[in-house]
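**Student:** Taken in order, the sequence shown gives residues 1 to 122; the numbers are from full-length UniProt numbering.
Think of the CB as a built atom: it goes at the ideal place given N, C-alpha and C, for glycine as much as any other residue.
Take a look at the following structure, please.
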Amino acid sequence: MRGPYERVARMASGNAVVVFSVSGCCMCHVVKRLLLGLGVGPTVYELDQLDRGVADIQAVLSHLLASTSPAAASGASGSATASAVPVVFVGGKLLGGVEKVMSCHINGSLVPLLKQAGALWL
């Protein structure tokens with residue numbers, strides 16, 4: 001499964017902020033609106049609109065989230081597909097899902113992370 005991991009890593013490092021999303025997902029919409037409201041123009045990959053490799057990408061994203069989140073690892077956040085998005089990368093590094101993004105926003109650490117990655121200048 002090395003190929004899909006490399007593909008996700010390549011996609012995630014293509015811009016200062018990358019969001020893996022599904023176009024009809026309300027939590028994905030929340031994350032994208034938050035980033036846009038902060039002045040960040042993230043690269044967004046809508047998984048439901050990709051031509052190929054979607055299942056592999058979703059599996060990689062689910063695995064990455066599960067390895068960073070005890071709730072995701074226990075299955076507490078629902079189905080694998082639902083918990084796989086949104087997934088946000090900042091500076092090519094995994095930030096996390098909606099809970100992590102909102103937590104960082106609330107505790108004040110999101111803007112410094114975005115500045116450090118070159119996504120914000122002010």
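#1: Return the CA-CA distance between V8 and L64, expressed in angstroms with no decimal places.
#2: Go through its chain and collect everything with a Cβ distance to C25's Cβ below 6 Å, but skip five positions before and after it.
#3: From this set, V88, L94 and W121, which residue's C-alpha is nearest L34's C-alpha?
#4: What span of residues does the alpha helix (DSSP H) with G96 cover, start to end?
#5: Using the rule of at least 16 other Cβ atoms within 10 Å of the residue's Cβ for burial, across every protein chain shown, is L47 buried or exposed?
#6: Look up V8 in the DSSP assignment and say whether it is helix, strand or coil.
#7: Report the three-state DSSP secondary structure of S23 (helix, strand or coil).
**Tutor:** According to the structure data:
#1: Position 8 of the sequence shown holds residue 8. Position 64 of the sequence shown holds residue 64. Looking at the two C-alpha atoms, the distance is approximately 10 Å.
#2: Indexing the sequence shown from 1 puts residue 25 at position 25. V85, listed in sequence order.
#3: Along the sequence shown, one-based indexing puts residue 34 at 34. With distances taken between Cα atoms, L34 lies closest to V88.
#4: The residue labelled residue 96 in the question sits at position 96 within the sequence shown. That residue, G96, is in no alpha helix (DSSP H); its beta strand (DSSP E) goes K93 to G96.
#5: As a first step, residue 47 is located in the sequence shown; it is residue number 47 there, counting from the start. Only buried fits L47, as 16 or more other CB atoms lie within 10 angstroms of its CB.
#6: Here residue 8 refers to the residue found at position 8 of the sequence shown. Helix, per DSSP.
#7: Translated into the one-based positions of the sequence shown, residue 23 becomes position 23. S23 falls in the coil class under three-state DSSP.
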